[in-house]
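Colleague: Count along the first sequence from 1, add 1, and you get the number used in my numbering.
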Amino acid sequence: MRYQAPRGTEDVLPTDSYKWLKLEAAFRDLTARYGYQELRTPTFEDTDVFLRTAGETSDVVSKEMYTFMDKGGRSITLKPEGTAPAMRALVEHNLCPPGTVTRMSYIIPIFRYDRPQKGRLREAHQFGLELVGSPSPAADAEIIELTVRFYEAIGIKDAVAKLNTLGKDECRAKFREAILTHAAGFLATQPTEYQEKVQKNPLRLLDSKDPEAQQAIREIPPITNYLEDESRSRFDKIQELLTDAGVQFELAPDIVRGLDYYTDTVFEVQSTKLGAQSSLCGGGRYDNLIKDLGGSATPSVGVGMGIERAIIVLDESDGWTGGTRPHAFVVQATESAFKSCQAVVRELRSAGLTALLDIDGKSMKSQMRQADKSGAAVALILGDDEIRRNTVQIKRLGSSEQVEIPIANVLDKVLELQ
RNA sequence: GCGGGUAUAGCUCAGGGGUUAGAGCGCCUGACUGUGGCUCAGGAGGCCGUGGGUUCAAUUCCCAUUACCCGCCCCA
2 MRYQAPRGTE DVLPTDSYKW LKLEAAFRDL TARYGYQELR TPTFEDTDVF
52 LRTAGETSDV VSKEMYTFMD KGGRSITLKP EGTAPAMRAL VEHNLCPPGT
102 VTRMSYIIPI FRYDRPQKGR LREAHQFGLE LVGSPSPAAD AEIIELTVRF
152 YEAIGIKDAV AKLNTLGKDE CRAKFREAIL THAAGFLATQ PTEYQEKVQK
202 NPLRLLDSKD PEAQQAIREI PPITNYLEDE SRSRFDKIQE LLTDAGVQFE
252 LAPDIVRGLD YYTDTVFEVQ STKLGAQSSL CGGGRYDNLI KDLGGSATPS
302 VGVGMGIERA IIVLDESDGW TGGTRPHAFV VQATESAFKS CQAVVRELRS
352 AGLTALLDID GKSMKSQMRQ ADKSGAAVAL ILGDDEIRRN TVQIKRLGSS
402 EQVEIPIANV LDKVLELQ
């Protein structure tokens, strides 16, 4: 126990990896049905990709990035989020020419140097979706619907989308001013550090958990008072589409997101099972990001869903339905039966079944215990007597039914008793 | 980055300045011939997180460090 995994990282153990496989399969299956194709990007990017997009004042960029110089003197950053790298690839390979729409998905590790907590790791993983090229509110609604459907598909109950809009540049500027004006009294009582932070990004005030801040926030007129017509009608239309789709959502003015590239729509799905980290995923519209990366202006929407967080929620709600069980465990009743047992195992495996056997020459009692613990549906028992008779004993574990059958019928019988 | 808590067996946790540090679960072996689960008996497994200090004596007290947990910040 000398070494341990680096702080904020974790090993997924063989006994737990089925959870990952299950979520990944659900994600790939569901998104494929909506026409999303998987994009795979490098684990690291030029640091500029993130500096240009996430916003230099955002916490992610200002204090959480894993950035280093490589031996060629390049500034490299392990990706702290998925959207900017995906859009870097999209621009580089011209994946979304003007006038077209592109749907992409990805499964990636993300790295953020922050203090670890429940549901917050330095290396985490996320499922991502990007719907690129469509200015339509139907695009926003599709991403939100797909996200909620994913949580339903993996068994997370009560997945409710929290929806908000941040408007566009001009209206947001007016709204920021309004925040500063209305919260001036409260801010004056705060440490200068916090004042500066809010000065730089007044929206930050809105998701504060401080009760006094909450009080101050109540004085601020809602952003909807400042929205331009286009933003307002988008917001309304999205809600209409989600309602039509039967997707549960709530309006949540406190959702502002930590990355600066969002425009108009922002949303999260939250859970109370995540401790201080309430959000299971976060996403929104980013109409300026692609242009910032040197592409042509392309309206887009996307989402990033935390895999570890989904697993926590499912763990705490007993959301896992049985792992995989072997079909058969082959028991050698006599030492000399080993080769025959291996032949049986080989036959079952080549027919696509999971078949196990002991390779340490343990006692039959021990083998039976192993068979039981493995969760196998049946034990196949083979010794000298059976070999002489060309038979095998087949025992259904969980009951004590046992019959002797011709060895030629093993496969059929094993399948029958599953 | 800031504040607080915890660290003892594979897991969940007791304990205590002084011979061989415990429990439950798990694991291994056995209970007449080649049969699991239940029961019973036996057994393996711990530098008591790491480094330093106080002390005749530290796993126990103190300090530091590392990791995890909780809250803040923030977020997946």
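Here a beta-carbon is modelled for each residue, glycine too, at the ideal position from N, C-alpha and C. If you're wondering where the values come from, they're calculated on a predicted model, not measured in any experiment.
Which runs of the beta strand (DSSP E), 3 residues or longer, sit entirely within the region 306-348?
Modeller: You should have 329-333.
Colleague: Whose C-alpha, out of Ser351, Arg258, Ser367 and Thr273, is nearest the C-alpha of Asp60?
Modeller: Checking every option, the nearest Cα to that of Asp60 belongs to Arg258.
Colleague: Taking only three categories from DSSP, how would you classify Arg300?
Modeller: Per the sequence presented here, residue 300 reads as Pro, with Arg not at that position. It is coil, neither helix nor strand.
Colleague: Measuring alpha carbon to alpha carbon, tell me which residue in Thr335, Lys20 and Val92 is nearest Gln368.
Modeller: Comparing Cα-Cα distances from Gln368 to each of Thr335, Lys20 and Val92, the minimum goes to Thr335.
Colleague: Is Gln127 closer than 8 angstroms to Ile313 when the C-beta atoms are compared?
Modeller: It is not a contact, given that the beta carbons lie outside the stated cut-off.
Colleague: So what's Ser137 in DSSP terms, helix, strand or just coil?
Modeller: Of the three classes helix, strand and coil, the one that applies to Ser137 here is coil, per DSSP.
Colleague: Provide the residue(s) that pair with Gly376 in DSSP beta bridges, ordered along the chain.
Modeller: Answer by DSSP bridge pairing: none, since Gly376 is not bridged.
Colleague: Could you compute how far the alpha carbon of Leu24 sits from the alpha carbon of Val50?
Modeller: Those two C-alpha atoms are separated by around 29 angstroms.
Colleague: Kindly list the residues whose CB is nearer than 8 angstroms to the CB of Asp293, restricted to its own chain and excluding five residues on each side of it in sequence; keep chain order.
Modeller: For Asp293, where only same-chain residues beyond five positions count, the Cβ hits under 8 angstroms are Arg53, Thr54 and Tyr262.
Colleague: Does DSSP put Ser232 in a helix, in a strand, or in coil?
Modeller: DSSP places Ser232 in helix when its eight states are reduced to three.
Colleague: The alpha helix (DSSP H) that contains Glu201, what's its start and end?
Modeller: Note that residue 201 is Lys in the sequence shown here, rather than Glu. Looking at the DSSP string, the run of the alpha helix (DSSP H) that includes Lys201 is Thr193 to Lys201.
Colleague: Using DSSP with H/G/I as helix, E/B as strand and the rest coil, what is Glu82?
Modeller: In this structure, Glu82 counts as coil in the three-state DSSP scheme.
Colleague: What residue range is occupied by the uninterrupted alpha helix (DSSP H) comprising Asp47?
Modeller: Segment Phe45 to Asp47 is the beta strand (DSSP E) holding Asp47; no alpha helix (DSSP H) there.
Colleague: What are the boundary residues of the beta strand (DSSP E) that includes Leu281?
Modeller: Residues Ser280 to Arg286.
Colleague: Out of Asp159, Gln191 and Pro203, point me to the one whose CA is closest to Ala179's CA.
Modeller: Out of Asp159, Gln191 and Pro203, Pro203 has the C-alpha closest to the C-alpha of Ala179.
Colleague: Taking one C-beta from the region 107-117 and one from the region 137-157 each time, how about it: are there three or more such pairs within less than 8 angstroms?
Modeller: The region 107-117, when compared against the region 137-157, does not touch it at the 8 angstroms Cβ threshold.
Colleague: Rounded to a whole number of angstroms, what is the C-alpha to C-alpha distance between Lys366 and Asp359?
Modeller: In a straight line, the C-alpha of Lys366 is about 12 angstroms away from that of Asp359.
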